[in-house]
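*Asks:* Note that this note's numbering has the sequence shown beginning at 156, numbered continuously upward.
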Amino acid sequence: MTIAAPDHATVARVIRARRSVRHYRPDPVPAELLEELTALALEAPSSFNLQARSLVVVREEEGRQALTRATGGQPHPQEAPVVLVFVAESAAWREDRGDVWLTARDRGAWTERFAASSPDDVRLFHEDLARRGLEREYAVKDAMISASFLMVAAQAAGLATSPMNGWDEGEVKKAIGADGREDLHIALLVPLGYPAETRVHPGRRSRELTCFSEVYGR
Ligand SMILES: Cc1cc2nc3c(=O)[nH]c(=O)nc-3n(C[C@H](O)[C@H](O)[C@H](O)COP(=O)(O)O)c2cc1C
C-alpha cells in the first residue's frame, strides 16, 4: 500500500521492526541520545496534559542490580546499560499544576478561559475517579503511552528495548528511592541499549479477531 505522506514509510518501518529484546551489548548509550529519547518519551500525550507520569533513568550498577533482583533475575535489566522506570503519579491532580495551565496559555495553545477553568475541571474529574478507585489506572495510562513513545523512538535510533511487567512493585520502588510512596506506582520497566540478539517477530493475531468495524466483534 502506498501512502503519500512523507514520513509514513519511515514510521511504519520502525514500528514493524521493533522487537522486545532480552539480551544487550554492554556499550553505553551516549548521554545526548539518552537525553533526546527521554525528551521524546515525555512528548507523549497525557490526560488533561496533567503529565501524571515521570521516568527514572537507572544507569548505575547498584540500581540495575536492584532492578534485576526485583524482576526475579531476568537478563535484560542486568545486561542493558540503561533501565527506564515509568512511574505513574496518581496524586498529580491533587498537586499544584499551575505550571501546566500557564505554559499552555502562554504558548497560545489554550485560551485564557480554558486555562482558567482547568484546575476545577481536573479536580471534579479526578474526584469522581477517586470515588471509583480509578486514580491509579488513569495515571498508569499516561505512563504507558509515554513508554510506548520511548520504545518507538529508541528503535528509530538503532537501540533496542523490552517492555517489562514481571517485577515486584515494592522492590522496584525501593530501587528508585520511592519506597513508602503510596501516590507512586510502577507502570513499566524498559531496559534500553544496543541489542546482542536478533529476535523473530512472534506474529499478531489476525485482524478479523482484533480490529472491528463499528461494533465490537464484527
Ligand atoms: C506490558 C508488557 C509487559 C511485558 N513484560 C515482559 C517481561 O516481564 N519480560 C519479558 O521478557 N517480556 C515482557 N514483555 C514482552 C512481550 O513478551 C512481547 O512484547 C511480546 O512477546 C511480543 O513481542 P514483540 O514485542 O517482539 O513484538 C512485555 C510486554 C508488554 C507489552
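The beta carbon of each residue, even a glycine, is placed where N, CA and C say it ideally should be. Given the structure is predicted, the values throughout are model-derived calculations rather than measurements.
Any beta-carbon of chain E closer than 8 angstroms to the one on R373?
*Replies:* Any reference to chain E falls outside this structure, which holds one protein chain only.
*Asks:* Let me confirm a value: P181 is counted as buried when at least 16 other C-beta atoms fall within 10 Å, else exposed. Which label applies?
*Replies:* exposed
*Asks:* Whose C-alpha, out of P230, D162, V176 and I170, is nearest the C-alpha of R354?
*Replies:* V176
*Asks:* Report the rounded CA-to-CA distance for V237 versus V212, giving the unit in angstroms.
*Replies:* 7 angstroms
*Asks:* So is the beta-carbon of R174 under 7 angstroms away from any non-hydrogen atom of ligand 1?
*Replies:* yes
*Asks:* Please report the residue range of the beta strand (DSSP E) in which V238 lies.
*Replies:* V237 to E244
*Asks:* When the Cα atoms are used, what is the spatial distance from L197 to R268?
*Replies:* 26 angstroms
*Asks:* Could you tell me whether the Cβ atoms of A294 and R208 are closer together than 8 angstroms?
*Replies:* yes
*Asks:* So I341 is in the beta strand (DSSP E); what residue range does that whole segment cover?
*Replies:* L339 to G348
*Asks:* On the criterion of 16 or more Cβ atoms from any shown chain inside 10 Å, does I158 qualify as buried, or is it exposed?
*Replies:* Taking every protein chain shown into account, the CB of I158 has fewer than 16 other CB atoms within 10 angstroms, so this residue is exposed.
*Asks:* Using a Cβ-Cβ cutoff of less than 6 angstroms, which residues in the same chain neighbour A315 once the five nearest sequence positions on both sides are dropped?
*Replies:* V176 and P350
*Asks:* For R208, which beta-bridge partners are listed by DSSP?
*Replies:* In DSSP, R208 forms a bridge with A243.
*Asks:* Does DSSP put Y179 in a helix, a strand or coil?
*Replies:* strand
*Asks:* Mapping DSSP to helix, strand and coil, what is V184?
*Replies:* coil
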